[in-house]
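Enquirer: Everything in the sequence shown is counted per UniProt numbering, starting at 1 for the first residue and increasing by one.
In this text, a Cβ means the ideal position worked out from N, Cα and C, and glycines have one as well.
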Amino acid sequence: MTRRESAMTGVFFEGADGRRYRRVAGGLAWPGRGRPGFLVVVGEDLHEDADFGVRHLHRLAESAQWQGESFMHPEPLLRCALELSRQWLVPVWHAPQSIFERTALRELNAQLERDRGARVRVVAPPHYYDGNALVLYNAMVRKRVATQKTLHFGESLIPNDLATFPPDLSGVDFDDHPPAAALFCAVAALDLTHPRPAIRRGRSAGPADAVGGY
Numbered sequence: 001m002t003r004r005e006s007a008m009t010g011v012f013f014e015g016a017d018g019r020r021y022r023r024v025a026g027g028l029a030w031p032g033r034g035r036p037g038f039l040v041v042v043g044e045d046l047h048e049d050a051d052f053g054v055r056h057l058h059r060l061a062e063s064a065q066w067q068g069e070s071f072m073h074p075e076p077l078l079r080c081a082l083e084l085s086r087q088w089l090v091p092v093w094h095a096p097q098s099i100f101e102r103t104a105l106r107e108l109n110a111q112l113e114r115d116r117g118a119r120v121r122v123v124a125p126p127h128y129y130d131g132n133a134l135v136l137y138n139a140m141v142r143k144r145v146a147t148q149k150t151l152h153f154g155e156s157l158i159p160n161d162l163a164t165f166p167p168d169l170s171g172v173d174f175d176d177h178p179p180a181a182a183l184f185c186a187v188a189a190l191d192l193t194h195p196r197p198a199i200r201r202g203r204s205a206g207p208a209d210a211v212g213g214y
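(1) Straight-line CA distance for Gly15 to Val54?
(2) From Asp173 to Asn138, what distance separates their C-alpha atoms?
(3) Please classify Arg144 as buried or exposed, where buried requires at least 16 other C-beta atoms within 10 Å of its C-beta.
(4) Taking 7 Å as the line, does the beta carbon of Ala139 fall inside it for any heavy atom of the ligand SAH?
(5) Hey, Arg22 and His152: beta-carbon distance below 8 Å or not?
(6) Start and end of the alpha helix (DSSP H) containing Glu113?
(7) Can you confirm whether the region 146 to 162 touches the region 81 to 95 when touching is taken to mean that 3 or more C-beta pairs between the two stretches lie within less than 8 Å?
(8) With a cut-off of 8 Å on the beta carbons, I'd call Leu112 and Met1 a contact; round off their distance for me.
(9) Which same chain residues end up closer than 6 Å to Pro125 when comparing Cβ atoms and leaving out the 5 residues on each side of it in sequence?
(10) Please work out which residues of its chain come closer than 6 Å, Cβ to Cβ, to Arg19, disregarding the five sequence neighbours upstream and downstream, and give them in chain order.
(11) If you follow the beta strand (DSSP E) that Asp175 is in, where does it begin and where does it stop?
(12) Compare the Cα-Cα distances from Arg119 to each of Gly131, Ala81, Glu101 and Tyr129 and report the closest residue.
(13) Run through DSSP, which three-state label would Glu75 get?
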């Protein structure tokens, strides 16, 4: 992934296949209770689909923490997140954090900064602590997948995971669905926030760009 800039669109990201993205977001599901953690990178198209008034989203990369690794400790997953951040220019990973996970992240970042001058940034997805966030995330993903066809997976573990629970989430514990949980975090980061206007040549992108989300 390469970061580029043009006078028309401002900053954007270009993949090896030439596809251009306005933003890239990472979603993370922590390991625990005998299940693997999961990472997914999602890219948002540079231009809007005129038919739906939204930008298509594409799964760019994913990684699971498989058996043979330490399920309960998040460090292997966070190190993988660091490598994916470099490859896909992911600025931040989105996931809720317990005290244990926050402590593990802080300890790893202290070590990374000493050894490599790097760090992994993790923040909660938008509105996660507002109540019923997972219902909101599920509705957004279902609309993109089933109605608009604006979320594209390629070769991925995520669609099979999404297919294992009912649309109304009855009886679903998202801790048991790391691929879906990671996807929800990444999609929420893109669909529930607007990018900050780019500042180019010493000037703001302007109020029209801020309103339009460019």
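Expert: Per the coordinate set shown:
(1) To locate residue 15, count along the sequence shown from 1; it is residue 15. To locate residue 54, count along the sequence shown from 1; it is residue 54. Each residue's alpha carbon lies about 20 Å from the other.
(2) On the sequence shown, position 173 is the one that residue 173 refers to. On the sequence shown, position 138 is the one that residue 138 refers to. Those two C-alpha atoms are separated by around 13 Å.
(3) Position 144 of the sequence shown, counted from the first residue, corresponds to residue 144. So Arg144 ends up on the buried side.
(4) Absent from the structure shown: the ligand SAH. Ligands present: none.
(5) Position 22 of the sequence shown, counted from the start, is the residue given in the question as residue 22. Position 152 of the sequence shown, counted from the start, is the residue given in the question as residue 152. Not closer than 8 Å, so no.
(6) Within the sequence shown, residue 113 is the residue found at index 113, counting from 1. Per DSSP, Glu113 belongs to the alpha helix (DSSP H) from Ile99 to Asp115.
(7) no
(8) The residue given as residue 112 occupies position 112 in the sequence shown. The residue given as residue 1 occupies position 1 in the sequence shown. In fact, because the Cβ distance is near 21 Å, the residues do not count as touching under 8 Å.
(9) Here residue 125 refers to the residue found at position 125 when the sequence shown is read from its first residue. So the list reads His94, Cys185, Ala188 and Ala189, once near-sequence residues are dropped.
(10) Locating residue 19 in the sequence shown gives position 19, counting from the first residue. Nothing meets the Cβ criterion.
(11) Sequence index remark: in the sequence shown, residue 175 carries index 175 (1-based). Counting along the chain, Asp175 falls outside any beta strand (DSSP E), and DSSP gives it neither H nor E.
(12) Translated into positions along the sequence shown, residue 119 becomes position 119. Ranking Gly131, Ala81, Glu101 and Tyr129 by Cα distance to Arg119 puts Ala81 first.
(13) For the purposes of this step, residue 75 is taken as residue 75 along the sequence shown, with counting starting at 1. Here Glu75 sits in helix by DSSP.
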